[in-house]
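Just so it is clear: in the sequence shown, position 237 is 237 by UniProt numbering, and no numbers are missing.
We put the CB at the ideal spot given by N, CA and C, even for glycine.
Worksheet: the structure to be examined is printed underneath.
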Amino acid sequence: MAATTSSSSSSSGNRKPELRKDTVSNRWVIFSPARAKRPSEFKSNSPAVSDQQLHQRCPFCIGNEHQCAPEIFRVPPDNPDWTVRVIQNLYPALSRDLPPPGPARVPNNLPGSVLDGFGFHDVIIETPIHSVQLLDLSPHDIAQVFLAHTKRIHQLATHHSIKYVQVFKNHGASAGASMSHSHSQMLALPVIPPNVSARLGNMKDYFEKTGKCCVCEIQHEDLLIDTSDNFFSMVPYAATFPFEIWIVPRHHSAHFHELDAEKAVDLGRLLKLMLRKMSLQLNNPPFNFMIHTSPLHSNASELAYTHWFLQIVPQLTLTAGFEIATGCHINPVFPEDAAKVLREVNVPESG
Numbered sequence: 001m002a003a004t005t006s007s008s009s010s011s012s013g014n015r016k017p018e019l020r021k022d023t024v025s026n027r028w029v030i031f032s033p034a035r036a037k038r039p040s041e042f043k044s045n046s047p048a049v050s051d052q053q054l055h056q057r058c059p060f061c062i063g064n065e066h067q068c069a070p071e072i073f074r075v076p077p078d079n080p081d082w083t084v085r086v087i088q089n090l091y092p093a094l095s096r097d098l099p100p101p102g103p104a105r106v107p108n109n110l111p112g113s114v115l116d117g118f119g120f121h122d123v124i125i126e127t128p129i130h131s132v133q134l135l136d137l138s139p140h141d142i143a144q145v146f147l148a149h150t151k152r153i154h155q156l157a158t159h160h161s162i163k164y165v166q167v168f169k170n171h172g173a174s175a176g177a178s179m180s181h182s183h184s185q186m187l188a189l190p191v192i193p194p195n196v197s198a199r200l201g202n203m204k205d206y207f208e209k210t211g212k213c214c215v216c217e218i219q220h221e222d223l224l225i226d227t228s229d230n231f232f233s234m235v236p237y238a239a240t241f242p243f244e245i246w247i248v249p250r251h252h253s254a255h256f257h258e259l260d261a262e263k264a265v266d267l268g269r270l271l272k273l274m275l276r277k278m279s280l281q282l283n284n285p286p287f288n289f290m291i292h293t294s295p296l297h298s299n300a301s302e303l304a305y306t307h308w309f310l311q312i313v314p315q316l317t318l319t320a321g322f323e324i325a326t327g328c329h330i331n332p333v334f335p336e337d338a339a340k341v342l343r344e345v346n347v348p349e350s351g
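See below:
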């Protein structure tokens, strides 16, 4: 993987605005340092959660399993002292009870097409204890969460009409979490979503021009935060959001659900470190993480240029009219500065 130092790594206070586009997203992002305070002073203004909220009994807490939607499986299996549970979402975006859809239909006199809303929407309860968050778990316990994701994806892959599975986590109300108990979600779709199609198209274009995977090529010294045996963490060159973080497999890998137990622990260790750095530096912000992977039934030629990665987005800015209208975001923090700040955050060994 390439390792270079950018000539634009000076402090953001001395810089002019830039427009950047990377090879993965192929979207323009405006970097406007005049709109920001110093990167080291960036903090979330999210309200703290009260002790009463943290310790309230909820359907996701151990002992309240009967209040949840049906369980799919738990870890360990058939054990009342579970550590991870995978359940159906009580309010699913798609219905597993519908028949798999056929070809899209064109409704009469309407400009568009339609499919019946078949799909799966699951919840992964990451801990039995309400007050424990993902960053509090050990790397082994975070690995168990990832392995629950991969097990469920393997199950969903047996449904030939399911084309793509999106794993995501919303942490904090302003990041979209309706439950404060630590959990992630999974949506299995009968279509490939437009952002995924665009990402795959960009990866294919780069591969056809260079013979290389564009994600394998993105490791640059001034954008790196940390590394492990199997993964590296970085701020992407054209980060859409301030302090956005990617965790990327070091070696080419198309499908997240091929993650094995050893690499899951390594990923858990690096994710824990990134979440702790983000929490310490940015005042425990609400955040989303998303796992960007390949469609389930990819062919061999597609696997050559697709590479999965995990994206973490702290919620520090608002998406407003310009971003909605253009799809072009304004980021007030240059990626090199965000990476430097996060590299320098000292995470205590304990806690």
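Asked: Just curious, the beta strand (DSSP E) that Asn331 is in, first and last residue?; Found: His329 to Asn331
Asked: What are the partner residues of His292, as DSSP defines its beta bridges?; Found: Phe309
Asked: Could you give the distance in angstroms between the alpha-carbon of Pro314 and the alpha-carbon of Asn109?; Found: 43 Å
Asked: Considering Thr127, what are the terminal residues of the alpha helix (DSSP H) in which it resides?; Found: Thr127 -> no alpha helix (DSSP H), and no H or E assigned at all.
Asked: Under the three-state reduction of DSSP, which class applies to Ser50: helix, strand or coil?; Found: With a pLDDT of 44 at Ser50, under the threshold of 50, the modelled position of this residue cannot be trusted; read the value that follows with caution. DSSP places Ser50 in coil when its eight states are reduced to three.
Asked: For Ile247, count the other beta carbons within 10 Å of its own beta carbon; 16 or more makes it buried, fewer makes it exposed. Which is it?; Found: buried
Asked: For the beta strand (DSSP E) that contains Tyr206, what are its first and last residues?; Found: Note, Tyr206: premise wrong, no beta strand (DSSP E); alpha helix (DSSP H) at Pro194 to Thr210.
Asked: Verify whether the separation of the beta carbon atoms of Tyr237 and Pro335 is less than 8 Å.; Found: yes
Asked: Excluding the 5 residues flanking Gln144 on each side, which residues of the same chain have their C-beta closer than 7 Å to its C-beta?; Found: Val75, Thr83 and Val84
Asked: Helix, strand or coil for Lys16, going by three-state DSSP, please let me know.; Found: coil
Asked: Would you tell me roughly how many angstroms separate the C-alpha atoms of Leu271 and Thr240, rounded to the nearest one?; Found: 20 Å
Asked: For Ser161, collect the residues of the same chain with a Cβ closer than 8 Å to its Cβ; drop the 5 residues on either side in sequence, then sort them by chain order.; Found: Pro100, Pro101, Phe118 and Pro190
Asked: Take Gln185 and list the residues in its own chain whose beta-carbon comes closer than 8 Å to its own, dropping the five residues that flank it on each side.; Found: Asn89, His121, Asp122, Val123, Ile124, Val167, Phe168, Lys169 and Asn170
Asked: Who pairs with Leu314 in a beta bridge, going by DSSP?; Found: Leu is not the amino acid found at residue 314; the sequence shown has Pro there. Answer is Phe287.
Asked: Which residues in the same chain have their Cβ closer than 6 Å to the Cβ of Leu280, if we skip the five residues on either side of it in sequence?; Found: Val345
Asked: Which residues in the same chain have their Cβ closer than 8 Å to the Cβ of His55, if we skip the five residues on either side of it in sequence?; Found: Here the model assigns His55 a pLDDT of 48, short of 50, so the residue's position is not dependable, and the following value carries that caveat. His130 and Ser131.
Asked: Provide the residue span of the alpha helix (DSSP H) that contains Ser279, from first to last.; Found: Ala261 to Leu282
Asked: Jot down the residue ranges of each uninterrupted alpha helix (DSSP H) in the segment 84–168, minimum 4 residues, whole runs only, in chain order.; Found: 139–156
Asked: Assign Pro194 to one of two classes, buried (16 or more other C-beta atoms within 10 Å of its C-beta) or exposed (fewer than that).; Found: exposed
Asked: Using 10 angstroms around the beta-carbon of Pro128, count the other beta-carbons present and answer buried if the total reaches 16, otherwise exposed.; Found: buried
Asked: Specify, as a first and last residue, the run of the beta strand (DSSP E) that Thr227 falls within.; Found: Leu224 to Thr227
Asked: Just checking my contact of Ala173 with Phe287 at CB under 8 Å: how many whole Å lie between their CB atoms?; Found: About 12 Å; that fails the 8 Å criterion.
Asked: Which of helix, strand or coil does DSSP assign to Phe31?; Found: strand
Asked: Expressed to the nearest angstrom, what Euclidean distance is found between the alpha-carbon atoms of Glu258 and Pro295?; Found: 13 Å
Asked: Write down the C-beta distance between Asn26 and Asn202 rounded to the nearest angstrom, noting that I regard them as a contact closer than 8 Å.; Found: 4 Å
Asked: Only counting the same chain, and skipping five residues up and downstream in sequence, which positions put a Cβ closer than 7 Å to that of Arg269?; Found: Pro139 and Ser228
Asked: Which same chain residues end up closer than 7 Å to Gln133 when comparing Cβ atoms and leaving out the 5 residues on each side of it in sequence?; Found: Ser182
Asked: Exposed or buried, what is His255 when buried is set at 16 or more other beta-carbons lying within 10 Å of its beta-carbon?; Found: buried
Asked: Taking the CB atoms as reference points, tell me whether Leu267 and Phe231 lie closer together than 8 Å.; Found: yes
Asked: Residue range of the alpha helix (DSSP H) that Ile324 falls in?; Found: Gly321 to Thr326
Asked: In the DSSP output, which residue or residues are listed as bridge partners for Pro249?; Found: Phe231
Asked: In the DSSP assignment, find the alpha helix (DSSP H) that holds His217 and state where it starts and stops.; Found: Correcting the residue type first, residue 217 is Glu in the shown sequence and not His. That residue, Glu217, is in no alpha helix (DSSP H); it is neither H nor E in DSSP.
Asked: So if DSSP puts Ser184 in a beta bridge, which residue, or which two residues, is it bridged to?; Found: Ile124
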